[in-house]
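Worksheet: the structure to be examined is printed underneath.
2 protein chains.
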Amino acid sequence: MMNGSNTELKDRLRSDRAFSLLRSAEEAAQFIQDGMTVGVSGFTPSGYPKAVPLALAERGRCGETIKIDLYSGASVGPEIDTELTEAGMIKKRLPYHTNSVIRDKINRGEIDYVDLHLSQSTQYLNYGVLNKIDVAIVEGLAVTGEGHIVPTTSIGNSPSFIKNADKVIVEINLDKPLSLEGMADIFILDNPPCRKPINICSPGDRIGKPYMECGFDKIAAIVVTDMKDQTRFLSKPDEISKKISDNIIKFFEKEVEYGRLGKSLLPLQSGVGSVANAVLYGLCDSQYEDLTFYTEVVQDSMLDLLRSGKAAVASTTALSPSPDALERFLDEAEFFKDKIILRPQEISNNPEVIRRLGVIAMNTAIEADIYGNVNSTHVMGSKMMNGIGGSGDFSRSAAISIFSTPSTAKGGKISSIVPMVSHVDHTEHEVMVLVTEQGYADLRGLSPKEKAVKIIENCAHPDFKEQLMSYFERACRVSALHTPHILNEALSWHSKYIDTGSML
Amino acid sequence: MMNGSNTELKDRLRSDRAFSLLRSAEEAAQFIQDGMTVGVSGFTPSGYPKAVPLALAERGRCGETIKIDLYSGASVGPEIDTELTEAGMIKKRLPYHTNSVIRDKINRGEIDYVDLHLSQSTQYLNYGVLNKIDVAIVEGLAVTGEGHIVPTTSIGNSPSFIKNADKVIVEINLDKPLSLEGMADIFILDNPPCRKPINICSPGDRIGKPYMECGFDKIAAIVVTDMKDQTRFLSKPDEISKKISDNIIKFFEKEVEYGRLGKSLLPLQSGVGSVANAVLYGLCDSQYEDLTFYTEVVQDSMLDLLRSGKAAVASTTALSPSPDALERFLDEAEFFKDKIILRPQEISNNPEVIRRLGVIAMNTAIEADIYGNVNSTHVMGSKMMNGIGGSGDFSRSAAISIFSTPSTAKGGKISSIVPMVSHVDHTEHEVMVLVTEQGYADLRGLSPKEKAVKIIENCAHPDFKEQLMSYFERACRVSALHTPHILNEALSWHSKYIDTGSML
């Protein structure tokens, strides 16, 4: 157990009962048994438990046979996914990950992975479709006098994990300052048919409580730690990312010119990663003002937009700045407290609110086809990369859904624009704007053939344009003409890559 | 112009100004010019204008060059799609059709067809993405003293067409009894960012007005007609449909047994057509009671459920009984007035309400693959059948999404369960239950490989089971093991059918 000074701990554990539940990570890990379903806090390596999972992994490494089904909000840190995977302790994993060690095991068929729309994972749990949670391990800032848990830097599925759990283990993280308290807005939904409207009409609206309901009867142990989140490094925006960002901004400019968007645009959602981060950096120098975000993760660029006053407010379920930016953010938590609202992912990603607010959803693709179908999960149709995450929640109910990808991958050997994607996560019906460093294609209101011409002309890399146009023209000669295809050639680009290492 | 008696007309045209706008269909059709965008009322051949489109088609057949973009709610009758297509007058069509004549032209590449989620077509229009409506032609029961239009048997996109139109032509249909007045509940959404919650917490909630706002300034002509809607005949439930229905009810029984559904289930949505109709007939003799519907179309079976008291209320955007059932319904309109609510399709199909109510969405597939991806639009990947309609609106935000299809087509030569679908409309992430006459596969919470085994075992036709399992097992030996595929074989079943007329 960490040694927080007793004074500091009293701010965190606000009753004697909480103090009486203090245990070491090793003691707490004993509550987890073979065959259990464990729910952990965490969303984009942020706000996830660390000490207890490490102690659990140690038991596995020491020869105990423990296999668990592991549920999270979204991606968590290596203390969970790497350690538990290497110790051979994960049987089934859902709903999202970004970890290379578990990715490898999933693609070797050693771990069953259920890739879910993030807003749906809570529903599956609350509806009784998924296993009940035996133990929830949740990072907290503090435990209230009533045994409720104040969350740290992500909410994710934690409120529902706690609600559905037999036992709850709380990891109080002294590295996360108490000044974060009040940023969370916890409101969870009843099951239908008893639901009322979610009363969010603007990204900044608060509708809930600053803590997650739990109660002492459920808390099996409280562990104190000061381990830091291993958030992701963000690479500096490269030329390609900058061009993608420029093209998205060109699209916005056209929308403003046509009177379809105003100077504040509409609430923005932006996916995770370096390209997504670069896109938002592009907005720092733009003409837009009073921007708002209704999104699932806040990265460095969004914090900068809030700092500069360019953006007014961000609703999210996780804060996931790069390690340096995280330190700075934690120091400035007080400044951000009225500018950031942390919500459960069933609210941050809820189609009701996304549709109502008219969110502009910006997500990344692995590949797109000439008809505007997007693959965001599977490399060459079979290999799971990370998962669909919230991209479907947002893009499907968005006012404008934008997908971006560099036009090539693997040093130019893979075209990200193909005749037919090898897996579909976002269909032609909801992919509205496709963007590469080459340009953007506004697909709204177009027929499939109109889309094909625009995508090939505006988005494909010059090295592949001719081949793509040749496919399209030949398809137009041999198949029905709504969505022309040559079925025994449609996936041949992928097959060629698998066989030769190049689509060229 | 039809000769309604003056007394009857006075009940329909409730001001002198309305009478002054009376024109013949031929006169009204003159408002439509080459290059215009025309919006027509109608959803599942119901409540669509007939006299003016026929008069317009006549102009085309007489040699006038008129090409229009034609927008509707969903499918409309042959007086529009057949006649205008045969007269060569449609350039672009959206968002849905079910007409064989226009289908043929679409697949020959002579008409551009934009296949949209039905709830999105209104947004595209209101956001200014689609052309402005030059002329809206709308069937009405009556024109109020203020020039507002009381709709007949469907609402669809009409309120937004009227709002966005330069000119409106009203077809008053004397065949539709005034006793229908009051069934409609017209509420349309502002554009974001100014939207409020849609205050529907139960399928029967009324939130709007009984008429569509228009005003006399927009009305260019009022035409009186008594032409009947050419609604679709429904074939008698056959053995296959009955077995599919039985399997869906078995699934419901299991959900009730597990405590995941109660005796009233949850609000039901059901797609259009004979199989969908048969599924609901299965509920007539079931244990369930106080059923409710939150759906886009009411067919014969739903009327029977309401008549018998088995169902309490149906929210819909269209009434589309078969011709005989329609006559009976119109005679009994008074009985149904407090049991049926007709809403605009942006409300009937709105993800906000669908998610809140926890709708059980039941839609049909053309084919599904072993991983649970569903194709509901394209035959052999290229040929457009009808369109995605509302199936995506409902299934994507539903509490439970069910897709059904007979396990084979073309006399057993096509397997509806294939290694990889030739087009994806509903992805593995949101297809929860797959049903054929062979059985059902509950896919919730399963990994792709678990889904494959269950779908092949429970849903595939015995003639194709071995082939499917062979594909799956061989794929497991050669590709990454998250979603095993052999890409150069994945679509070979379709290619074989195209080449030989059989997948066997």
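First to last, the sequence lines map onto chains R and U.
Each step along the first sequence adds one to the number in numbering that gives the first Met the number 0, with nothing skipped, and position 299 is 298.
Each step along the second sequence adds one to the number in numbering that gives the first Met the number 0, with nothing skipped, and position 6 is 5.
From the three backbone atoms N, C-alpha and C, an ideal C-beta is built for every residue, glycine too.
Short CB-CB distance (under 7 Å) between residue i and chain U
{"i": "residue 5 of chain R", "result": "no"}
{"i": "residue 426 of chain R", "result": "yes"}
{"i": "residue 395 of chain R", "result": "yes"}
{"i": "residue 267 of chain R", "result": "no"}
{"i": "residue 355 of chain R", "result": "yes"}
{"i": "residue 37 of chain R", "result": "no"}
{"i": "residue 108 of chain R", "result": "yes"}
Contact with chain R by residue i, beta-carbon distance below 7 Å
{"i": "residue 27 of chain U", "result": "no"}
{"i": "residue 111 of chain U", "result": "yes"}
{"i": "residue 126 of chain U", "result": "yes"}
{"i": "residue 367 of chain U", "result": "no"}
{"i": "residue 314 of chain U", "result": "no"}
{"i": "residue 311 of chain U", "result": "no"}
{"i": "residue 380 of chain U", "result": "yes"}
{"i": "residue 351 of chain U", "result": "yes"}
{"i": "residue 205 of chain U", "result": "no"}
{"i": "residue 490 of chain U", "result": "yes"}
{"i": "residue 0 of chain U", "result": "At residue 0 of chain U, the pLDDT of 46 sits below 50, so the modelled position is not reliable; the number obtained from the coordinates is stated separately. No, its Cβ sits nowhere closer than 7 Å to a Cβ of chain R."}
{"i": "residue 483 of chain U", "result": "yes"}
For residue i, the nearest candidate out of the options (CA to CA)
{"i": "residue 467 of chain R", "options": "R/489, R/324, R/66 and R/51", "result": "R/489"}
{"i": "residue 372 of chain R", "options": "U/476, U/88 and U/422", "result": "U/422"}
{"i": "residue 49 of chain U", "options": "U/144, U/28 and U/63", "result": "U/28"}
{"i": "residue 167 of chain R", "options": "R/123, R/326 and R/217", "result": "R/217"}
{"i": "residue 227 of chain R", "options": "R/77, R/359 and R/332", "result": "R/77"}
{"i": "residue 513 of chain R", "options": "R/322, R/301 and R/495", "result": "Any answer about residue 513 of chain R is impossible in this case: the structure gives chain R only from 0 up to 503."}
{"i": "residue 110 of chain R", "options": "R/352, R/91 and R/128", "result": "R/91"}
{"i": "residue 445 of chain R", "options": "U/55, U/52, U/68 and U/447", "result": "U/68"}
{"i": "residue 405 of chain R", "options": "R/307, R/459, R/353 and R/388", "result": "R/459"}
{"i": "residue 59 of chain U", "options": "U/338, U/51 and U/87", "result": "U/87"}
Rounded Cβ spacing between residue i and residue j (contact assumed at less than 8 Å)
{"i": "residue 432 of chain R", "j": "residue 401 of chain R", "result": "4 Å"}
{"i": "residue 392 of chain R", "j": "residue 96 of chain R", "result": "About 17 Å; that fails the 8 Å criterion."}
{"i": "residue 416 of chain R", "j": "residue 369 of chain R", "result": "7 Å"}
Distance between residue j and residue i (C-alpha atoms, nearest Å)
{"i": "residue 245 of chain U", "j": "residue 382 of chain R", "result": "37 Å"}
{"i": "residue 395 of chain U", "j": "residue 482 of chain U", "result": "21 Å"}
{"i": "residue 514 of chain U", "j": "residue 258 of chain U", "result": "The question about residue 514 of chain U has no answer here: the residues shown for chain U are numbered 0 through 503."}
{"i": "residue 213 of chain R", "j": "residue 124 of chain R", "result": "17 Å"}
{"i": "residue 121 of chain R", "j": "residue 106 of chain U", "result": "42 Å"}
{"i": "residue 200 of chain R", "j": "residue 305 of chain R", "result": "20 Å"}
{"i": "residue 153 of chain U", "j": "residue 147 of chain U", "result": "16 Å"}
{"i": "residue 430 of chain U", "j": "residue 317 of chain R", "result": "28 Å"}
{"i": "residue 425 of chain U", "j": "residue 374 of chain U", "result": "7 Å"}
{"i": "residue 256 of chain U", "j": "residue 195 of chain R", "result": "27 Å"}
{"i": "residue 149 of chain U", "j": "residue 12 of chain U", "result": "11 Å"}
{"i": "residue 171 of chain U", "j": "residue 223 of chain U", "result": "5 Å"}
{"i": "residue 502 of chain R", "j": "residue 162 of chain U", "result": "50 Å"}
{"i": "residue 280 of chain R", "j": "residue 189 of chain U", "result": "31 Å"}
{"i": "residue 0 of chain U", "j": "residue 292 of chain R", "result": "With a pLDDT of 46 at residue 0 of chain U, under the threshold of 50, the modelled position of that residue is not reliable, and the figure given next carries that caveat. Rounded to whole angstroms, residue 0 of chain U to residue 292 of chain R spans 55 Å at the Cα level."}
{"i": "residue 361 of chain R", "j": "residue 309 of chain R", "result": "18 Å"}
{"i": "residue 108 of chain R", "j": "residue 480 of chain U", "result": "5 Å"}
{"i": "residue 185 of chain U", "j": "residue 118 of chain U", "result": "15 Å"}
{"i": "residue 251 of chain U", "j": "residue 289 of chain U", "result": "15 Å"}
{"i": "residue 66 of chain U", "j": "residue 456 of chain U", "result": "51 Å"}
{"i": "residue 156 of chain R", "j": "residue 47 of chain R", "result": "11 Å"}
{"i": "residue 271 of chain R", "j": "residue 44 of chain R", "result": "11 Å"}
Counterpart residues of residue i in DSSP-defined beta bridges
{"i": "residue 400 of chain U", "result": "U/360"}
{"i": "residue 155 of chain R", "result": "R/343"}
{"i": "residue 420 of chain U", "result": "Partner(s): none; residue 420 of chain U has no beta bridge."}
{"i": "residue 382 of chain R", "result": "R/378"}
{"i": "residue 457 of chain R", "result": "BP columns for residue 457 of chain R are empty, so no partner."}
{"i": "residue 484 of chain R", "result": "The partner list for residue 484 of chain R (beta bridge, DSSP) is empty, contrary to what the question assumes."}
{"i": "residue 310 of chain R", "result": "R/290"}
{"i": "residue 425 of chain U", "result": "U/373"}
{"i": "residue 408 of chain U", "result": "U/413"}
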